[in-house]
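A.B. asks: Residue numbers (this note's numbering): 38 to 431.
Below is one structure. I have some questions about it.
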Amino acid sequence: MNNDINKEIALLLQNIGVEKNDINWGTQLTIFAAIIIITYACTKLFRHIIIPLIHKITARTKAKWDDYLFNTEMMKAFSRMIPPIILYVLLPFAFGKSPQLLNFSLKVCLIYLDIVSILLIGTFLNSLYNISSEHEKLRNRPLKGIYQMIKLITITIGIIILISILMDQDPTSILAGLGASAAVLMLIFKDSILGLVAGVQLSANDMLRPGDWITMTKYGADGYVIEVSLTTVKVQNFDKTITTIPPYALVSDSFQNWRGMRETGGRRIKRSVNIDMNTVHFCTPDEIQSFIDKGLVDKKTDINEKTVNLAIFRNYILNYLNNHPKVNKDLMIMVRQMQPASEGMPLEIYCFSDTPDWIPYEALQSEIFEHVMAMVQEFNLRIFQRPAGTDFKS
Numbered sequence: 038m039n040n041d042i043n044k045e046i047a048l049l050l051q052n053i054g055v056e057k058n059d060i061n062w063g064t065q066l067t068i069f070a071a072i073i074i075i076t077y078a079c080t081k082l083f084r085h086i087i088i089p090l091i092h093k094i095t096a097r098t099k100a101k102w103d104d105y106l107f108n109t110e111m112m113k114a115f116s117r118m119i120p121p122i123i124l125y126v127l128l129p130f131a132f133g134k135s136p137q138l139l140n141f142s143l144k145v146c147l148i149y150l151d152i153v154s155i156l157l158i159g160t161f162l163n164s165l166y167n168i169s170s171e172h173e174k175l176r177n178r179p180l181k182g183i184y185q186m187i188k189l190i191t192i193t194i195g196i197i198i199l200i201s202i203l204m205d206q207d208p209t210s211i212l213a214g215l216g217a218s219a220a221v222l223m224l225i226f227k228d229s230i231l232g233l234v235a236g237v238q239l240s241a242n243d244m245l246r247p248g249d250w251i252t253m254t255k256y257g258a259d260g261y262v263i264e265v266s267l268t269t270v271k272v273q274n275f276d277k278t279i280t281t282i283p284p285y286a287l288v289s290d291s292f293q294n295w296r297g298m299r300e301t302g303g304r305r306i307k308r309s310v311n312i313d314m315n316t317v318h319f320c321t322p323d324e325i326q327s328f329i330d331k332g333l334v335d336k337k338t339d340i341n342e343k344t345v346n347l348a349i350f351r352n353y354i355l356n357y358l359n360n361h362p363k364v365n366k367d368l369m370i371m372v373r374q375m376q377p378a379s380e381g382m383p384l385e386i387y388c389f390s391d392t393p394d395w396i397p398y399e400a401l402q403s404e405i406f407e408h409v410m411a412m413v414q415e416f417n418l419r420i421f422q423r424p425a426g427t428d429f430k431s
């Protein structure tokens, strides 16, 4: 078929007046020019007709994944593969009688095809990452490191194929040679390999997600995870500084993840005040009547002269917490005594706010303990604190 095409073009050139000695090169150049025109036309046809048509089809579908897989960047990356494929198929028609030139041209096409294939796979992986970022179950998984590792493997394979094309050798023989230097490669890509393994473990065990609040004192990290990549985990601390941690450190060392607190919808309040034990006593009838008159205890409550004022105060605080609108009623609420110490009797308040947000949480905690410190005197109790200089003066 090549010979028939060449003869037809040669006859056409002879009729035009081209010399017989120049027919061979003239035919080849004419066919080559025709191939270039065909390649250019096919590429333009794909970019200006096929791509808009595909975009119209994907825009009408309800699914979102096709919008990412057939986006503009993906289609442009695919269109870059059209020229080397067409040239590789058609160049033998032009340079069939020039083996050296044909061999060189085909090599250039294969190198070009190898490079654009790597770019296409990279763009495809970016589209997959965007799809997973939008997916309800996958968007919180640290998948960026896995995609980066696949890109790295793709580039490595592409470079091996590129070297094999330039050296006219089988890629498997180059891989065998690289196998002998596996120890060196392991040393070079140590962080990437460890990062890949750690990323798989973090994702499989659901240990870490972008957006989680983590605390890792060893690395000075206390804030939100903003990025999980192949070699680093970026944590934005509350002072707006960025701490980078290697992913394998999160697997080998211990860190605290506050995600459970956020998912529960409440933040724990666990703080105590020290009651002066000298003020703890049995209630007198006058005190009991005073508590009832002030509404500090319910009239139906069974209290008598053997009831301790600290017990009444403890029950009052427990009732106060149970009726507070900003305290989470679905989680534990408790007021308990701790081990007495030289600083007094610690009375601990244990409850949860109805929001995990920091500012409302601190406001609620302050409100509760301000109320406790103001009301303690109503029960004839006193908060213990060490004397200050003004106390000695008075």
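Glycine included, every Cβ here is placed at the ideal spot set by N, Cα and C.
Assign phenylalanine 130 to one of two classes, buried (16 or more other C-beta atoms within 10 Å of its C-beta) or exposed (fewer than that).
C.D. replies: By the neighbour-count rule (16 or more Cβ atoms within 10 Å), phenylalanine 130 is buried.
A.B. asks: Tell me which residues share the same chain as phenylalanine 69 and place their Cβ nearer than 7 Å to its Cβ, disregarding the 5 neighbours each side in the sequence.
C.D. replies: So the list reads Ala131, once near-sequence residues are dropped.
A.B. asks: Under a Cβ-count criterion, where at least 16 other Cβ atoms within 10 Å of its own Cβ denotes burial, should valine 413 be classed as buried or exposed?
C.D. replies: Buried, since its Cβ has 16 or more Cβ neighbours within 10 Å.
A.B. asks: Taking its Cβ as the centre, do 16 or more other Cβ atoms sit within 10 Å of valine 265, making it buried, or is it exposed?
C.D. replies: Counting Cβ neighbours within 10 Å, valine 265 comes out buried, since at least 16 surround it.
A.B. asks: Can you round the beta-carbon distance between phenylalanine 416 and isoleucine 349 to whole angstroms, since I take them to be within the 8 Å contact cut?
C.D. replies: 6 Å between Cβ atoms; contact.
A.B. asks: According to DSSP, simplified to helix, strand and coil, what is phenylalanine 421?
C.D. replies: It is coil, neither helix nor strand.
A.B. asks: If you follow the alpha helix (DSSP H) that valine 409 is in, where does it begin and where does it stop?
C.D. replies: Element bounds for valine 409: 395 to 412.
A.B. asks: Does the Cβ-Cβ distance between valine 262 and aspartate 249 come in under 7 Å?
C.D. replies: Yes, the Cβ-Cβ distance between valine 262 and aspartate 249 is below 7 Å.
A.B. asks: Helix, strand or coil: how does DSSP classify glycine 248 here?
C.D. replies: If DSSP states are grouped into helix, strand and coil, glycine 248 belongs with coil.
A.B. asks: Taking the CB atoms as reference points, tell me whether glutamate 380 and asparagine 311 lie closer together than 7 Å.
C.D. replies: Closer than 7 Å, so yes.
A.B. asks: How is phenylalanine 416 classed by DSSP in three states: helix, strand or coil?
C.D. replies: If DSSP states are grouped into helix, strand and coil, phenylalanine 416 belongs with the helices.
A.B. asks: With burial defined as no fewer than 16 other Cβ atoms inside 10 Å of the residue's Cβ, what is the status of tyrosine 398: buried or exposed?
C.D. replies: Classification for tyrosine 398: buried.
A.B. asks: What's the call for tyrosine 285, buried or exposed, on a 16-neighbour Cβ count within 10 Å?
C.D. replies: Buried, because 16 or more other Cβ atoms sit within 10 Å of the Cβ of tyrosine 285.
A.B. asks: In chain order, what residues of the same chain have a beta carbon less than 8 Å from the beta carbon of serine 309, not counting five sequence neighbours either side?
C.D. replies: For serine 309, where only same-chain residues beyond five positions count, the Cβ hits under 8 Å are Met375, Pro383, Leu384, Glu385, Ile386.
A.B. asks: Whose C-beta lies closer than 8 Å to the C-beta of isoleucine 119 among residues of the same chain, with five residues either side of it excluded?
C.D. replies: Contacts found: Thr76, Cys79, Thr80, Phe83.
A.B. asks: Applying the 10 Å Cβ sphere with the 16-neighbour rule, what's the burial state of proline 121?
C.D. replies: By the neighbour-count rule (16 or more Cβ atoms within 10 Å), proline 121 is buried.
A.B. asks: Using a threshold of 7 Å, state whether the C-beta atoms of threonine 191 and isoleucine 158 are closer than that.
C.D. replies: Yes, these two residues count as a Cβ contact at 7 Å.
A.B. asks: Looking only at its own chain, which residues have a Cβ that is under 8 Å from the Cβ of asparagine 359, when we skip the five neighbours before and after it?
C.D. replies: Around asparagine 359: Lys366, Ile370.
A.B. asks: Which of the three DSSP states is assigned to lysine 101 in this structure?
C.D. replies: Note: lysine 101 maps to coil in three-state DSSP.
A.B. asks: Look at the alpha carbon of histidine 85 and the alpha carbon of asparagine 167, and state the distance between them as a whole number of angstroms.
C.D. replies: Their backbone Cα atoms lie some 25 Å apart in a straight line.
A.B. asks: One question on the structure: do glutamine 185 and leucine 267 come within less than 7 Å of each other, judged by their Cβ atoms?
C.D. replies: It is a contact, given that the beta carbons lie within the stated cut-off.
A.B. asks: Pick helix, strand or coil for cysteine 146, following the three-state DSSP scheme.
C.D. replies: Three-state DSSP puts cysteine 146 in a helix.
A.B. asks: Which of the three DSSP states, helix, strand or coil, is assigned to leucine 138?
C.D. replies: In this structure, leucine 138 counts as helix in the three-state DSSP scheme.
A.B. asks: Starting from the Cα of leucine 90, find the closest Cα among Ile73, Ile74, Asn108, Leu150 and give me that residue.
C.D. replies: Nearest of Ile73, Ile74, Asn108, Leu150 to leucine 90, Cα basis: Asn108.
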